[in-house]
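A.B. asks: Got a structure for you, questions after.
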Amino acid sequence: MKKKVIIANWKMNHDFYETTSYLRNLLKIIFENKINQKKIIIAPSFPFLHISNQILQGTTLSIAAQNIHQMDNGSYTGEVSAPMLRSIGIKKVILGHSERRKYFTETNEILIKKIKIALKYGFNIIFCVGETEVDREKKKHFITVKNQLEKTIFYFSLEEINSFIIAYEPIWAIGTGKTATPEIAQHMHQYIRTLFLNKYGKRRANDLSILYGGSINDMNAKDLFLQKDIDGGLVGNYSLNIKKFLKIIQS
Ligand code: PEP
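Next comes the structure, spelled out in structure tokens:
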């Protein structure tokens with residue numbers, strides 16, 4: 003069964019106090035309002051993953067890292083490894099975010115290594131794909147997303163990709179306020195599901211949670227989430243504010 007999932011990607015925002023008070027308040031509101039907790043994943047910054055995980059312990063909310071390094075350990079100043087994260091109980095990681103591809107030159111080759119190390123340490127992977135504005139203008143958006151999948155995830159077996167979640171995040175929509183229309187998003191989600199169908203079969207395609215990301219807000223979330231192949235969202239800016247994020251969750 004595919005799951006409805008909402009992920010808050012906080013990026014490089016929220017200090018220790020903001021992180022801990024947000025999570026405690028979120029839990030309180032969720033329990034008080036009996037909001038189904040199963041769908042919510044929060045991705046805070048590295049220094050606060052441990053405390054965040056402790057705060058959410060015993061609940062069905064969970065924590066994801068925003069990145070991992072592709073090596074087990076070694077002389078990689080400033081980096082954080084998969085086993086380090088596992089040692090503090092983190093089991094989920096976002097990979098392939100367009101900001102990582104753009105600012106930290108994460109290529110498909112690096113992403114394959116990151117997927118390998120994440121699988122080695124038993125992480126569930128939230129994998130992002132999405133086209134640029136130019137790709138879309140040139141009507142190359144489908145081919146771009148297909149290439150991103152074929153050059154990364156599709157090298158892996160059905161067993162290996164069993165716990166993956168895909169996030170379709172058109173780059174032109176991330177942090178820009180320009181959301182894809184529900185129709186545009188649905189069209190791409192359906193296409194991604196078909197690619198999984200052709201590669202891994204009906205069962206995996208039907209079970210796959212495909213999230214939309216890119217300027218989701220409390221006004222547009224509902225229409226996006228009503229689409230047949232949109233199974234939730236990866237939310238950046240609007241997840242930073244607890245009230246706005248709750249409205250999206252409730253959509
Ligand atoms: C993101 O960075 O994953 C994202 C979707 O950001 P925003 O919601 O701010 O566009």
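In terms of the working numbering, the sequence shown opens at residue 3 and continues consecutively. Every residue gets a Cβ at the ideal spot worked out from N, C-alpha and C, and that includes glycine.
For glutamate 81, which residues in the same chain have their Cβ closer than 6 Å to its Cβ, ignoring the five residues on either side in sequence?
C.D. replies: Cβ neighbours of glutamate 81 beyond the five flanking positions: His71.
A.B. asks: Which of the three DSSP states, helix, strand or coil, is assigned to leucine 97?
C.D. replies: Reduced to three states, the DSSP call for leucine 97 is strand.
A.B. asks: For glutamate 171, is the beta carbon positioned less than 7 Å from some heavy atom of the ligand PEP?
C.D. replies: Glutamate 171 Cβ: within cutoff of the ligand PEP.
A.B. asks: Hey, which unbroken runs of the alpha helix (DSSP H) at 4 residues or more fall wholly within the stretch 167-205?
C.D. replies: With a minimum length of 4 residues, the continuous alpha helix (DSSP H) runs that stay inside the stretch 167-205 are 184-202.
A.B. asks: When you compare the CB positions of tryptophan 12 and leucine 213, do they come within less than 8 Å of one another, or not?
C.D. replies: No, these two residues do not count as a Cβ contact at 8 Å.
A.B. asks: Within 8 Å, do at least three Cβ pairs link the stretch 162-176 to the stretch 83-101?
C.D. replies: Contact holds: three or more Cβ-Cβ distances are below 8 Å.
A.B. asks: Less than 7 Å between C-beta atoms, sequence neighbours within five positions excluded: which residues of the same chain meet that for lysine 6?
C.D. replies: Cβ neighbours of lysine 6 beyond the five flanking positions: Lys41, Asp233, Gly234.
A.B. asks: Would you check if there are 3 or more beta carbon pairs closer than 8 Å linking the stretch 56-67 to the stretch 135-142?
C.D. replies: In short, these stretches do not touch, since the Cβ pair count stays below three.
A.B. asks: Indicate whether isoleucine 57 and threonine 22 have their beta-carbon atoms separated by less than 8 Å.
C.D. replies: Their beta carbons are under 8 Å apart, which means isoleucine 57 touches threonine 22 by this criterion.
A.B. asks: As a quick exercise: from Ser77, Lys30, Leu25, Asp74, pick the residue whose alpha carbon is nearest that of serine 54.
C.D. replies: It is Leu25 whose Cα lies nearest to the Cα of serine 54.
A.B. asks: Is any heavy atom of the ligand PEP found at a distance shorter than 7 Å from the C-beta of alanine 175?
C.D. replies: Checking every heavy atom of the ligand PEP against the Cβ of alanine 175, one is found closer than 7 Å.
A.B. asks: Tell me which residue opens and which closes the beta strand (DSSP E) that isoleucine 44 is part of.
C.D. replies: Here the beta strand (DSSP E) through isoleucine 44 covers 42-45.
A.B. asks: Relative to the ligand PEP, is the shortest distance from any of its heavy atoms to the C-beta of serine 217 smaller than 7 Å?
C.D. replies: It does: the Cβ of serine 217 is within 7 Å (strictly closer) of some heavy atom of the ligand PEP.
A.B. asks: Leaving out the 5 sequence neighbours to the left and right, which residues in its chain are closer than 7 Å to leucine 210 when beta-carbon positions are compared?
C.D. replies: Here the set comprises Lys4, Ile168, Arg195, Phe198.
A.B. asks: Report the partner residues of phenylalanine 129 according to the DSSP bridge assignment.
C.D. replies: In the DSSP output, where bridge partners are listed per residue, phenylalanine 129 has Leu97, Ile168.
A.B. asks: Taking the alpha-carbon positions, what's the alanine 182 to asparagine 219 distance?
C.D. replies: Each residue's alpha carbon lies about 12 Å from the other.
A.B. asks: Check whether the stretch 81-92 and the stretch 128-140 are in contact - that is, three or more C-beta pairs closer than 8 Å.
C.D. replies: As far as the Cβ criterion goes, the stretch 81-92 does not touch the stretch 128-140, which means the pair count is below three.
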